[in-house]
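In the working numbering, the protein residues as written are 2 to 466. In this text, a Cβ means the ideal position worked out from N, Cα and C, and glycines have one as well. Below is one structure, written out as C-alpha cells; the observations come after it.
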C-alpha cells in the first residue's frame, strides 16, 4: 500500500495552509513567527501530542490538547512544517506543508488536517463488487524490538453476523477477511460493514499476536487504524523481557485492592495493592490483551503493545455491576409463564438441571457464564475469544466438536466461535435455564447423531411478566 503524501497547497480537503501577513504580531521587531493547528478529521478532533518539525529553523515543537503550536523569534525566510504522530505512521501518511516564505515583523498561520475516513478509503481501497460495506481497517505490522516493518504477515479480521429465520432460528455466521503486509509492513482490509465488534490478528510463520478486540463505528464509512506488534520469536514463548504496570480503578469503591490482572495466553498474573497498582514482568513482546477482574465489578479486556525497549503503563477502570432485581410479584408471573413453555413440566420430570427466576436473581448475573458456572457438569474457562462453556463429563467443548448446543427462547442458537455466548445474551435478561446431558435431552432439543450437552435459556423477552 503506497503511502499518502499530503501537502497543504491546493489540497483543502487533505491539508490546508493559510498564510496572511501579519495575522499575529511577531515576538520582536524584525523577526517572524509561525502559529498553526493540526486537525484530526479521522476522529473528529484535534491531533494532540504530535511532533512539529520546522524545517529551516531546526526547531521541534509538540501540539497541545487543541492541536496548536507556535514558534516565535524566527528570522525572515523560507520554512516548511512537517507533522509526525503514531496515527500518521499507522495510516502511512506524510503530513506537511510546501515551502513558504515568512516576512519580517509577521507571523504565518498554518492549518493542517489528517484526512477523513472517506478520503483515505477512496485513496487506498479498491472497489469490491461483493463488499459488505464501505468501511476499512488499515495499519502496519511492526517488530516490537527492532521497530522494523514485518512483511509477508497475514492480518485477519473476524466477526459474526446474526441471522434470524423460522427455518434455522437464531444463527451466527462467522466472517473472516485477510490481507498480507507489503514490504513496508502495511495492510488494508476493505469492504467491511459498519456497527460491529470484531477481532484483529497478525501472524507470520510461528509468530502470532493476540486477537485484538476492535469496534467499527456507526457512520456509513468508518476507518479503524491500528499498528500491530508481531515478535519474530515463536509465539509459543510465554516469557520475555517486557513489563507492563498500571492501576485498576474500581468505580465507587473506597479501596482498589484485590483486582486480578493477567496477560491472556501467558501464565503471568498479578493482584493489585491497596492503591490498585500492579506490575507484570517477564512478558513476551508483541500485541497482547490484558484481562482485569474483580468480584462485583464488570471485567475489562484491554489491548496492550509490549516491548522490552520500554515499560508499558495502563489504567483500567472496572464498572460497578448493579443488578436489577424484579419484584417478587413479577417473579411469580414469570414462573407462571415458564409453565406455559413446558419448563415446569420438564423440571418435574427431572432429566436435567434447572434454574428458576428466584435462583437466577440471587446470583446477580452480569454474563451468561456467571449463571452457567454454577451448573454441575459444566466448566467455564477463558480463551482469547472469551469465556468458553464446556462439559466436565467427557462431552467435547465447542472448540473440539461443537457439542455444547444452545437454545434461546425455544430457538436454536449456533455459536460462531468459542466464547461468543456472552456477546449474545446478557445474564440479567435470563429468567430460566435448563441443562441436559446427551440422551437425557428432550426430543424437541435433540439433534440427530449428536450426543451433546444442551443448554436452554429463557429470557425476559419471551417469558413476559
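Enumerate in chain order the residues of its own chain whose CB-to-CB distance from residue i is below 7 Å, with the five nearest sequence positions on each side excluded.
i, result
"residue 461", "430 and 432"
"residue 140", "91, 188, 226, 227, 228 and 229"
"residue 24", "For residue 24, the pLDDT reaches just 47, beneath the cut-off of 50, and the residue's location in the model is therefore unreliable, although a value from the coordinates is still provided. Cβ neighbours of residue 24 beyond the five flanking positions: 108 and 110."
"residue 370", "381, 388, 390 and 423"
"residue 222", "118, 119, 122, 135 and 136"
"residue 256", "275"
"residue 97", "8, 81, 82, 83 and 84"
"residue 253", "321"
"residue 284", "241, 243, 244, 245, 264, 267, 269 and 307"
Whose C-beta lies closer than 6 Å to the C-beta of residue i among residues of the same chain, with five residues either side of it excluded?
i, result
"residue 317", "249, 293, 301 and 303"
"residue 270", "263"
"residue 333", "Only weak support is given to the placement of residue 333: the predicted model assigns it a pLDDT of 48, under 50, and the value that follows is read from those uncertain coordinates. None."
"residue 392", "454"
"residue 244", "282 and 312"
"residue 145", "230, 232, 286, 287 and 308"
"residue 374", "381"
"residue 197", "160 and 217"
"residue 100", "79 and 81"
Inspect the beta-carbon positions of residue i and residue j and report whether they are closer than 8 Å.
i, j, result
"residue 314", "residue 247", "yes"
"residue 231", "residue 203", "yes"
"residue 48", "residue 133", "no"
"residue 354", "residue 376", "yes"
"residue 456", "residue 436", "yes"
"residue 33", "residue 75", "yes"
"residue 39", "residue 64", "yes"
"residue 122", "residue 201", "no"
"residue 446", "residue 422", "no"
"residue 384", "residue 428", "no"
"residue 53", "residue 70", "yes"
"residue 77", "residue 105", "yes"
"residue 51", "residue 85", "yes"
"residue 37", "residue 94", "no"
"residue 174", "residue 195", "no"
"residue 441", "residue 344", "no"
"residue 299", "residue 319", "yes"
"residue 356", "residue 240", "no"
"residue 206", "residue 177", "no"
"residue 379", "residue 426", "no"
"residue 347", "residue 443", "yes"
With respect to the alpha helix (DSSP H) encompassing residue i, which residues constitute its N-terminal and C-terminal limits?
i, result
"residue 316", "No alpha helix (DSSP H) contains residue 316, which is instead part of the beta strand (DSSP E) from 313–319."
"residue 358", "358–364"
"residue 464", "Looking at the DSSP string, residue 464 is not in any alpha helix (DSSP H), and its letter there is neither H nor E."
"residue 344", "344–350"
"residue 271", "Taken as a continuous stretch (DSSP letters only), residue 271 belongs to no alpha helix (DSSP H), being part of the beta strand (DSSP E) at 270–272."
"residue 52", "From DSSP, residue 52 is part of no alpha helix (DSSP H) but of the beta strand (DSSP E) over 52–56."
"residue 371", "369–373"
"residue 120", "118–125"
Terminal residues of the continuous beta strand (DSSP E) containing residue i?
i, result
"residue 87", "Looking at the DSSP string, residue 87 is not in any beta strand (DSSP E); the run it does join, the alpha helix (DSSP H), is 87–92."
"residue 40", "33–41"
"residue 243", "243–251"
"residue 105", "No beta strand (DSSP E) contains residue 105, which DSSP labels as neither H nor E."
"residue 436", "431–438"
"residue 73", "69–75"
"residue 196", "That residue, residue 196, is in no beta strand (DSSP E); it is neither H nor E in DSSP."
"residue 275", "Where residue 275 is concerned, there is no enclosing beta strand (DSSP E), given that its DSSP letter is neither H nor E."
"residue 143", "136–143"
"residue 226", "224–230"
"residue 63", "60–63"
"residue 261", "261–264"
"residue 128", "Where residue 128 is concerned, there is no enclosing beta strand (DSSP E), given that its DSSP letter is neither H nor E."
"residue 291", "287–294"
"residue 302", "301–307"
"residue 415", "412–415"
"residue 214", "213–217"
"residue 468", "Residue 468 cannot be examined here, being either before or after the span of the chain that is shown, 2 to 466."
Which residues in the same chain have their Cβ closer than 8 Å to the Cβ of residue i, if we skip the five residues on either side of it in sequence?
i, result
"residue 184", "150 and 152"
"residue 127", "191"
"residue 143", "149, 150, 151, 186, 228, 229, 230 and 231"
"residue 181", "153, 154, 155, 156 and 188"
"residue 66", "47 and 49"
Stretch-stretch touch, CB-based, cutoff 8 Å, three pairs: the segment 208–223 with the segment 276–292: yes
Are at least three pairs of beta-carbons, each pair with one atom in the segment 267–281 and one in the segment 113–120, less than 8 Å apart? no
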